[in-house]
Amino acid sequence: MSLFGRIFLLNAVALVAAAALLVLGPLTVSTPALLTEILVLTAGLAVLLMANAALIRLGLAPLERLTRAMTTIDLLKPGPRLTASGHGEIADLITTFNGMLDRLETERGFSSARALSAQEAERRRVAQELHDEVGQSLTAVLLELKRVADHAPAPVRDELPQVQETVRSTLDEVRRIARRLRPGVLEELGLVSALKALVAEISEHADVVVRRTFDRHLPELDKETELVVYRVAQEGLTNTVRHSGAHQVELLLRATSAGVELCVRDDGWGMGDAAEGSGIRGMRERALLVGAELTVGPAPRQGTEVRLVVQAGERR
Numbered sequence: 001m002s003l004f005g006r007i008f009l010l011n012a013v014a015l016v017a018a019a020a021l022l023v024l025g026p027l028t029v030s031t032p033a034l035l036t037e038i039l040v041l042t043a044g045l046a047v048l049l050m051a052n053a054a055l056i057r058l059g060l061a062p063l064e065r066l067t068r069a070m071t072t073i074d075l076l077k078p079g080p081r082l083t084a085s086g087h088g089e090i091a092d093l094i095t096t097f098n099g100m101l102d103r104l105e106t107e108r109g110f111s112s113a114r115a116l117s118a119q120e121a122e123r124r125r126v127a128q129e130l131h132d133e134v135g136q137s138l139t140a141v142l143l144e145l146k147r148v149a150d151h152a153p154a155p156v157r158d159e160l161p162q163v164q165e166t167v168r169s170t171l172d173e174v175r176r177i178a179r180r181l182r183p184g185v186l187e188e189l190g191l192v193s194a195l196k197a198l199v200a201e202i203s204e205h206a207d208v209v210v211r212r213t214f215d216r217h218l219p220e221l222d223k224e225t226e227l228v229v230y231r232v233a234q235e236g237l238t239n240t241v242r243h244s245g246a247h248q249v250e251l252l253l254r255a256t257s258a259g260v261e262l263c264v265r266d267d268g269w270g271m272g273d274a275a276e277g278s279g280i281r282g283m284r285e286r287a288l289l290v291g292a293e294l295t296v297g298p299a300p301r302q303g304t305e306v307r308l309v310v311q312a313g314e315r316r
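So, in structure tokens, the structure goes:
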């Protein structure tokens, strides 16, 4: 029976019983009403109100759970679906809501995959242009400066080394940006070598000590999953350097019974009550693409911990 039917039936039974007692029973109401009559009517009204309250609370409890789920649901953090409890249209409503979540998560997965694929393609294009166009132009400038220095008078020749050093530093920075945009080491030498190169680069340009621990025997991952692991490690280390105030950060890559686990743990200030930024949400989107589980929270002692667990072999 539907919620409306149950409430209507309870009220109908209560009103019919009250009418029957007044018509067929010895109960009467005097004018003015006697104290005993007032007490009997008050008690009957209280019983009717309590019965209605109990039935409504019991019937609306699944709707309260559904309301809480609607206000707290996050498509980047998939969780268990609501149990279709209740009767009639309430169970149908919860089932429909669960189906809507399934469709939304599927559609978001497809749209995120297309967006991230386009993003990676754009990164490759920009990195290629930086390497081929800007890098070659700066290299030509360095060669021209060397030629000018060889024929320049002494006062000018003394100033050219500083200009050459500036151009050389700019060329190194352009190459570093190109490597971050398109991790060629990942494509050529694999995940572990790419992470080692990333750690070396972070250690060279940031005032933070990076300790890395990689298992020797890791299960094989497909190219897309390796890219997700690399990007999550890159974003985690970048967030640590920029925002955490940490002195040390630990990068772990180890094999699990089902696949591979990546952990980035620092000793910084931690996240506190701050909302997740675009970097963390980007990591969650990447994790969803390969069916991985991503958790971001406080480290065991202090700081922040980013943990990614991916499945090896056939993707979920």
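Note that full-length UniProt numbering numbers the sequence shown so that position 196 is 196, with each residue one more than the last.
Using N, Cα and C, we set each Cβ at its ideal position, and we do this for glycine too.
No experiment lies behind these values; they were computed from the predicted model shown.
Rounded to the nearest angstrom, the Cβ distance from Asp266 to Thr304 is 6 Å, consistent with a contact under 8 Å. Taking 8 Å as the cut-off, the Cβ atoms of Met283 and Glu224 do not count as close. Considering only Ser278, Val241, Leu227 and Val16, the residue with the shortest C-alpha distance to Ala292 is Leu227. Residue state for Ala255 is assigned as strand, using DSSP reduced to three classes.
Taking 8 Å as the cut-off, the Cβ atoms of Ala51 and Ala14 count as close.
When DSSP states are grouped into helix, strand and coil, Pro298 belongs to the strand group.
A residue is called buried when at least 16 other Cβ atoms come within 10 angstroms of its Cβ; Ile38 does not meet this threshold and is exposed. Comparing C-alpha distances from Gln128 to each of Trp269, Ala69, Arg212 and Arg182 shows the shortest one belongs to Arg182. Here Met100 is exposed, its C-beta having fewer than 16 other C-beta atoms within 10 Å.
DSSP, reduced to helix, strand and coil, places Asp222 outside both helices and strands of the structure shown, so it counts as coil. Runs of alpha helix (DSSP H) with 4 or more residues, each lying fully within the segment 158 to 240, are found at 184 to 189, 191 to 205 and 223 to 239, listed in chain order. Separation of Glu201 and Arg147 (C-alpha to C-alpha, rounded to the nearest whole angstrom) is 32 Å. Taking each of Leu289, Leu308 and Gly297 in turn and checking the Cα distance to Ala115, the smallest one comes out for Leu289. Look at Leu49 here: in three-state DSSP terms it is helix. For Arg68, the number of other beta carbons within 10 angstroms of its own is below 16, and it is reported as exposed. Three or more Cβ pairs closer than 8 Å define a contact, and the segment 209 to 218 meets that threshold against the segment 237 to 254.
Under the DSSP assignment, Val306 falls in the beta strand (DSSP E) whose first and last residues are Thr304 to Gln311. In the structure shown, Asp273 falls within a coil segment according to DSSP collapsed to helix, strand and coil. Per DSSP, Ser278 is one residue of the alpha helix (DSSP H) stretching across Ser278 to Leu289. The segment 185 to 195 makes no contact with the segment 141 to 156: fewer than 3 CB pairs, one atom from each, lie closer than 8 Å. A distance of 8 Å or more separates the beta carbons of Ala233 and Leu186. Put simply, the backbone Cα of Val134 is about 12 Å away from that of Leu142.
Exposure of Arg254 is indicated by the presence of fewer than 16 other C-beta atoms within 10 angstroms of its C-beta.
In this structure, Leu45 keeps its C-beta atom at 8 Å or more from the C-beta atom of Leu66.
Under DSSP, Arg265 takes part in a beta bridge, and its partners are Glu250 and Glu305. The C-alpha of Leu63 lies about 13 Å from the C-alpha of Leu55. Glu204 is not a Cβ neighbour of Ala312, given a cutoff of 8 Å. Between the alpha carbons of Pro161 and Leu145 lies a gap of roughly 9 Å. Close CB contacts of Ile177 within its chain, under the 7 Å cut and outside five residues either way in sequence, are with Leu130 (chain order). Residue pairing for Glu144: DSSP places it in no beta bridge. It is roughly 46 Å from the alpha-carbon of Ala140 to the alpha-carbon of Ala275. With a beta-carbon spacing of about 13 Å, Leu308 and Leu237 fall beyond the 8 Å limit used to define contacts.
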